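Undergrad: Counting the sequence shown from 1 gives a position; the working numbering is that position plus 7. Got a structure for you, written out below as structure tokens; questions coming shortly.
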Amino acid sequence: MIPDEKKAIPWGLPPLRSDTAAAPAQHTRASDQYCGKDEELGTRRAAFPSGRARGMRQRLAAVLGGLTMVLCGLAYLRTGCMPTATAPPCDTLATVDWLLQQGLNESNTVAWDRLAEMTDLYGHRMTGTAAYNRSAAWVVRTAGAQDNLTAYTEPVVVDVWRRGTESLHLMAPSRPNGTVQIPVLALGNSASTPAGGIEAPVVAVRSFEELARLGNATLANTVVLFNFAFTRYGAGVGFRTRGAEEAEKYGALGVLVRTLAPDTSFSSVHTGNSRRAGIPAGSISLADANLIERTCRRAQAAGHGAPRVRLVLESHFAPDAGRSDNVVVDLEGRTHGDEVVLVSGHFDSWDVGVGALDDGAGAFVAWEAQRMIMLSSRRPRRTVRVVMWSNEETRQRGAHAYLARHRRDLDRHFFAIESDIGVFEPWGLTVDAGDAWVQRMRRWGRDFVHVLGAGNVTTPAVEGPGGDVQVLCSQGVPCAGFLGVNPENGAVPGDARWTEHYFRHHHAASDRMEAVDAHQLRRSAAALAAWTYLVADLA
């Protein structure tokens with residue numbers, strides 16, 4: 008039984024993995040009780056009572072200054088470097104070192120526990136649903152009550168699309184029932200089939216070029232199947248997003264699209280967004296797409312007509328009829344609170360699975376990174392803002408609403424980071440900014456964040472930073488994407504099989520808590536916290 012959402016839920020209840028959170032850091036140095044710090048200039052000044060003798064002040068100041076230098080030097084040594092003109096100050100590095108150590112705290116599973124609790128209580132977070140809004144309210148309550156952070160929402164107007172009855176049958180006279188029942192999921196924003204569905208010949212194609220070559224003479228009054236080889240997501244996503252639009256031009260009555268997933272996910276059906284057309288669009292598994300294509304080719308070789316399918320995809324669509332707000336959580340900076348370092352993941356999901364991996368883990372790794380920074384003894388100069396974006400899965404209205412709302416203060420957005428390609432063992436960042444930023448972050452990664460394996464830096468030539476922060480990046484905000492290592496094969500960004508594990512669960516019923524590892528989530532949060540702190544505390 009799921010606990011009542013209004014009651015406090017102790018961390019120890021199944022399936023939660025821990026009742027222990029990371030303890031706050033204690034970085035107070037002997038020198039701190041005697042020295043004040045000039046936050047703007049980074050210099051120290053003596054803070055003795057006014058009646059002390061000048062000589063004693065000078066002697067004590069010398070002793071304390073020397074002690075501070077020793078402690079700072081130890082902080083640098085621990086992070087693998089010595090002070091240089093381009094390195095961050097020792098206080099920054101001491102905090103970064105503490106944050107990285109939190110990745111090794113096996114008892115801390117707070118991020119996983121929270122994600123499990125929210126998804127257990129409310130399920131998926133499709134935009135325009137009550138489940139999305141209840142999940143958002145839960146995050147705001149939890150961040151405020153348990154973390155003492157400033158949490159709120161910002162309005163986002165969204166379309167409302169709901170799936171209804173769905174079925175697909177391939178006519179097969181040789182089978183006992185005369186048909187093969189095939190699992191199908193309507194693609195997001197799909198039109199509905201007419202009452203009673205569609206029964207029509209099915210024609211398999213492998214490219215838009217083949218579609219155009221067959222044209223109206225072959226495709227009119229048919230259901231078109233796009234059956235393409237999955238090599239990488241970007242190479243196949245166009246069939247899902249544009250397939251119905253393109254097939255409609257040639258008189259097709261409906262579209263089926265092979266699931267966008269690696270071959271190892273051959274029986275699962277994944278949904279996803281599509282451009283709304285006048286004909287319905289559904290997704291079927293790799294195995295069933297191959298079954299239909301083989302049946303088509305046998306019929307063609309025997310001189311028979313194309314095999315027939317019966318397709319039912321009922322859905323409801325209402326443009327601009329819902330509200331699914333962005334979730335925002337702020338940790339105010341200690342000296343430059345009006346400047347923002349934004350750390351993010353998208354909050355919405357599809358209505359299959361619970362969106363634990365895509366992108367609950369990305370949103371919660373940002374939240375946990377912020378919580379770790381909050382627990383440290385020294386807030387960064389700038390405000391660390393977590394944004395959990397709405398509506399990434401369809402029209403990115405959350406990112407565009409944020410841009411419209413904050414356009415006047417966009418110049419105070421110092422940096423933006425997104426996590427939306429799975430949270431596994433941390434690898435590093437892809438940086439979409441000027442060369443000075445890229446070189447600076449490569450130095451930081453090499454010298455300070457290499458602990459946990461998270462110090463690598465690449466550029467958008469290998470992987471983009473993420474669709475939501477790209478909206479800000481296009482306006483001149485420096486941005487980055489947080490990347491991990493494929494947990495199955497060890498592939499890293501740039502490798503051909505890097506994203507295979509992620510896309511096995513992407514937009515599928517298997518995107519549940521079992522797709523997220525609590526310890527990988529914690530180590531990634533610690534690495535992201537270190538990167539965020541280095542940027543937010545930059546002088």
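Even glycine gets a Cβ: it sits at the ideal position worked out from N, Cα and C. Only a predicted model underlies this, so the values are computations on that prediction, with no experimental measurement involved.
#1: Tell me, which residues are paired with residue 195 by DSSP?
#2: For residue 437, tell me which candidate among 454, 461, 137 and 321 has the shortest Cα-Cα distance.
#3: Can you find the residues in the same chain that come closer than 7 Å, C-beta to C-beta, to residue 203, ignoring five residues on each side of it along the sequence?
#4: Residue 275: buried (16+ other C-beta within 10 angstroms of its C-beta) or exposed?
#5: How far does the alpha helix (DSSP H) with residue 449 in it reach, from first residue to last?
#6: So, helix, strand or coil for residue 28, using DSSP?
#7: Could you tell me whether the segment 134-154 touches the segment 172-190, where touching means 3 or more Cβ pairs closer than 8 Å?
#8: Looking only at its chain, what residues have a beta carbon closer than 8 Å to the beta carbon of residue 57, apart from the 5 residues adjacent to it on each side?
#9: Going along the chain, which residues of its own chain have a beta-carbon closer than 8 Å to the beta-carbon of residue 196, five neighbours each way excluded?
#10: Sort 171, 492 and 455 by Cα distance to residue 358 and report the nearest one.
#11: Could you check where the beta strand (DSSP E) with residue 323 kicks off and where it finishes?
#12: Shortest alpha-carbon distance to residue 447 belongs to which of 542, 227 and 285?
#13: Counting only beta-carbon atoms, is residue 277 nearer than 7 Å to chain B?
#14: Are the beta-carbon atoms belonging to residue 464 and residue 452 less than 7 Å from one another?
#15: Using beta-carbon positions only, say whether residue 320 and residue 269 come within less than 7 Å of one another.
#16: Give the C-beta separation of residue 523 and residue 364 to the nearest angstrom, bearing in mind that I take them to be a contact with Cβ-Cβ under 8 Å.
#17: Buried or exposed: which applies to residue 383, given that a residue is buried once 16 or more other Cβ atoms fall within 10 Å of its Cβ?
#18: Which whole runs of the alpha helix (DSSP H) in the segment 118-180 are 4 residues long or more, in chain order?
#19: If you draw a straight line from the alpha carbon of residue 336 to that of residue 440, how long is it in whole angstroms?
#20: Just how far apart, CA to CA, sit residue 375 and residue 259?
#21: Which first and last residues belong to the alpha helix (DSSP H) in which residue 224 is found?
#22: Within its chain, find whatever has a CB closer than 7 Å to the CB of residue 458; leave out the 5 residues flanking it on each side and keep chain order.
#23: Are three or more beta carbon pairs between the segment 485-494 and the segment 395-412 nearer than 8 Å?
#24: Are residue 492 and residue 434 close, meaning C-beta to C-beta below 7 Å?
#25: Could you name the residues of the same chain whose beta carbon sits closer than 7 Å to that of residue 432, not counting the 5 residues immediately before and after it, in chain order?
#26: Just how far apart, CA to CA, sit residue 100 and residue 141?
#27: What residues in its chain sit with their C-beta under 8 Å from that of residue 33, if we drop five residues either side in the sequence?
#28: Would you call residue 418 buried or exposed, if buried means 16 or more other Cβ atoms sit within 10 Å of its Cβ?
#29: Which residues in the same chain as residue 444 place their Cβ atom closer than 7 Å to its Cβ, once the five residues preceding and following it in sequence are excluded?
#30: Below 7 Å CB to CB, which residues in the same chain sit around residue 296 once its five sequence neighbours on both sides are set aside?
TA: The answer reads as follows:
#1: If you number the sequence shown from 1, residue 195 lands on position 188. Beta-bridge pairing links residue 195 to 280.
#2: For the purposes of this step, residue 437 is taken as residue 430 along the sequence shown, with counting starting at 1. Comparing Cα-Cα distances from residue 437 to each of 454, 461, 137 and 321, the minimum goes to 461.
#3: The residue labelled residue 203 in the question sits at position 196 within the sequence shown. There are no such residues.
#4: Counted from its first residue, the sequence shown places residue 275 at position 268. Result: buried.
#5: Taking the sequence shown and counting its residues from 1, one reaches residue 449 at position 442. Taken as a continuous stretch (DSSP letters only), the alpha helix (DSSP H) holding residue 449 covers 442-454.
#6: Along the sequence shown, read from residue 1 onward, the residue named residue 28 stands at position 21. Note that residue 28 scores a pLDDT of 38, beneath 50, so its modelled location is shaky; the value from the coordinates is reported in the next line. Three-state result, residue 28: coil.
#7: no
#8: Position 50 of the sequence shown, counting from 1, holds the residue named residue 57. With a pLDDT of 39 at residue 57, under the threshold of 50, the modelled position of this residue cannot be trusted, and the question is left open.
#9: For the purposes of this step, residue 196 is identified with residue 189 of the sequence shown, where counting begins at 1. Closer than 8 Å at the Cβ level, and outside the excluded window around residue 196, lie 166, 168, 280, 281, 282, 283, 324 and 401.
#10: Numbered from 1 along the sequence shown, position 351 holds the residue referred to as residue 358. Residue 171 is the option with its Cα nearest to residue 358.
#11: Counting from 1 along the sequence shown, the entry for residue 323 is found at position 316. Its beta strand (DSSP E) spans residues 315-330.
#12: Start at 1 with the first residue of the sequence shown, and residue 447 comes out as number 440. Answer by Cα proximity: 542.
#13: You won't find chain B in this structure, because it holds only one protein chain.
#14: By 1-based counting over the sequence shown, the position of residue 464 is 457. By 1-based counting over the sequence shown, the position of residue 452 is 445. Going by C-beta atoms, residue 464 is nearer than 7 Å to residue 452.
#15: Locating residue 320 in the sequence shown gives position 313, where the first residue counts as 1. Locating residue 269 in the sequence shown gives position 262, where the first residue counts as 1. For residue 320 and residue 269, no; Cβs fall outside 7 Å.
#16: The count along the sequence shown starts at 1 and reaches residue 523 at position 516. The count along the sequence shown starts at 1 and reaches residue 364 at position 357. The pair is a contact, with the Cβ atoms about 6 Å apart (cut-off 8 Å).
#17: As a working note, residue 383 is residue 376 in the sequence shown. The residue is buried, with at least 16 neighbouring Cβ atoms inside 10 Å.
#18: Listed in chain order, the complete alpha helix (DSSP H) runs (minimum 4 residues) inside the segment 118-180 are 137-152.
#19: Translated into positions along the sequence shown, residue 336 becomes position 329. Translated into positions along the sequence shown, residue 440 becomes position 433. Each residue's Cα considered, the two are about 24 Å apart.
#20: The residue you call residue 375 lines up with position 368 of the sequence shown. The residue you call residue 259 lines up with position 252 of the sequence shown. Each residue's Cα considered, the two are about 48 Å apart.
#21: The sequence position of residue 224 within the sequence shown is 217, counting from 1. From DSSP, the alpha helix (DSSP H) with residue 224 extends over 215-226.
#22: Locating residue 458 in the sequence shown gives position 451, where the first residue counts as 1. Taken in chain order, the residues that qualify are 107.
#23: no
#24: Translated into the one-based positions of the sequence shown, residue 492 becomes position 485. Translated into the one-based positions of the sequence shown, residue 434 becomes position 427. Residue 434 sits close to residue 492, with the two beta carbons spaced by under 7 Å.
#25: Locating residue 432 in the sequence shown gives position 425, counting from the first residue. Only 460, 491, 492, 494, 527 and 530 meet the Cβ criterion.
#26: Translated into the one-based positions of the sequence shown, residue 100 becomes position 93. Translated into the one-based positions of the sequence shown, residue 141 becomes position 134. Approximately 39 Å between the Cα atoms of the pair.
#27: Residue mapping note: residue 33 aligns to position 26 of the sequence shown, counting from 1. Residue placement at residue 33 cannot be trusted, given a pLDDT of 38 that sits under 50; what the coordinates show is reported in the next sentence. These residues qualify, in order along the chain: 384.
#28: Position 411 of the sequence shown, counted from the start, is the residue given in the question as residue 418. Classification for residue 418: exposed.
#29: Counting from 1 along the sequence shown, the entry for residue 444 is found at position 437. For residue 444, where only same-chain residues beyond five positions count, the Cβ hits under 7 Å are 438 and 485.
#30: By 1-based counting over the sequence shown, the position of residue 296 is 289. Beyond the five residues adjoining it in sequence on each side, residue 296 comes within less than 7 Å, by CB distance, of 232, 234 and 265 in the same chain, given in chain order.
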